Amino acid sequence: MADLFIELVSEDIPARMQLKACADLQRLVYAALDDLGLGYAKADADNARLVSSRHLALYVSDVDDQQADRIVEKRGPRVDAPEQAINGFLASTGITREQLVEEDTPKGRFLFARSESKGAQTHDLLAPIITDILNNFPWPKSQRWSTSRFRWVRPLHRINVLFGGKMLDGALALGGDDDARIVF
Numbered sequence: 002m003a004d005l006f007i008e009l010v011s012e013d014i015p016a017r018m019q020l021k022a023c024a025d026l027q028r029l030v031y032a033a034l035d036d037l038g039l040g041y042a043k044a045d046a047d048n049a050r051l052v053s054s055r056h057l058a059l060y061v062s063d064v065d066d067q068q069a070d071r072i073v074e075k076r077g078p079r080v081d082a083p084e085q086a087i088n089g090f091l092a093s094t095g096i097t098r099e100q101l102v103e104e105d106t107p108k109g110r111f112l113f114a115r116s117e118s119k120g121a122q123t124h125d126l127l128a129p130i131i132t133d134i135l136n137n138f139p140w141p142k143s144q145r146w147s148t149s150r151f152r153w154v155r156p157l158h159r160i161n162v163l164f165g166g167k168m169l170d171g172a173l174a175l176g177g178d179d180d181a182r183i184v185f
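Counting along the sequence shown from 1, when you hit position 177 you're at 178 in the numbering used here, and nothing is skipped either side.
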């Protein structure tokens, strides 16, 4: 388990937007971690988030280092289905007939393919999460600059992300003609 720290540095954020923006950042990060099945320690709101006129920051403690391994189950055709349907299912799953499992369901007896999916490392998942959150951040009013398609309340200058005491590598594409981006 490791700690996650996210800091967003921009030009002055209007005072009436600061507290809600910080709460939104926390809500969106928690939701993204939950969606990926990553555990973390929910902290008291006042201790987990920081806000000033130029900074939004969030601290999340005890984030899992990787997703849990899971068993993926894919339902195939009925047991009494034509051989061509069963062979098509085997080809789509990449397993042999002996690896299929027969199970009773309310709709009849079906073939199932089971495979183990290895959990991804958290540091590999964080950059896309943060990029998605920033691209869809719910500002009451936002603006864009130059040819950029990225919208933010005021120009965003820097993104700092620490996970387990190490800086995270990532980039936020701003879009537009100049292919600009903010590297974090």
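Every residue gets a Cβ at the ideal spot worked out from N, C-alpha and C, and that includes glycine. Keep in mind it's a predicted model, so treat the numbers as computed, not measured.
(request) Kindly indicate which three-state DSSP category Thr123 falls into: helix, strand or coil? (result) helix
(message) On the criterion of 16 or more Cβ atoms from any shown chain inside 10 Å, does Ile72 qualify as buried, or is it exposed?
(response) exposed
(message) Runs of 4 residues minimum, wholly inside the region 29–57: which ones carry the alpha helix (DSSP H) assignment?
(response) 46–49
(message) Is it buried or exposed, His124, if we count other Cβ atoms within 10 angstroms and call 16 or more buried?
(response) buried
(request) Express the C-alpha separation of Asp13 and Gly171 in angstroms, rounding to a whole number. (result) 24 Å
(message) Can you find the residues in the same chain that come closer than 6 Å, C-beta to C-beta, to Arg50, ignoring five residues on each side of it along the sequence?
(response) Cys23, Gln27 and Leu59
(message) Extract the residue ranges of the beta strand (DSSP E) inside the region 54–106, only unbroken runs of 3 or more that lie entirely within it.
(response) Runs of the beta strand (DSSP E) inside the region 54–106: 56–64, 71–79 and 102–106.
(message) Can you confirm whether the region 156–174 touches the region 127–135 when touching is taken to mean that 3 or more C-beta pairs between the two stretches lie within less than 8 Å?
(response) yes
(message) Can you tell me where the beta strand (DSSP E) holding Leu5 begins and where it ends?
(response) Ala3 to Ser11
(message) Using only the alpha-carbon positions, how far apart do Pro15 and Asp66 sit?
(response) 36 Å
(request) With a cut-off of 8 Å on the beta carbons, I'd call Glu8 and Asn136 a contact; round off their distance for me. (result) At roughly 18 Å, the Cβ-Cβ gap does not stay under 8 Å, so Glu8 and Asn136 are not in contact.
(request) Go ahead and pull the three-state DSSP assignment for Arg155. (result) The answer is coil: DSSP assigns Arg155 none of H, G, I, E or B.
(message) Please report the distance separating the alpha-carbon of Arg110 from that of Asp81.
(response) Rounded to the nearest whole angstrom, the CA to CA distance from Arg110 to Asp81 is 8 Å.
(message) Taking the alpha-carbon of Leu43 as reference, which of Leu5, Arg150 and His56 has the nearest alpha-carbon?
(response) The displayed chain sequence assigns Lys, not Leu, to residue 43. Put simply, of Leu5, Arg150 and His56 the residue whose alpha carbon is nearest the alpha carbon of Lys43 is Leu5.
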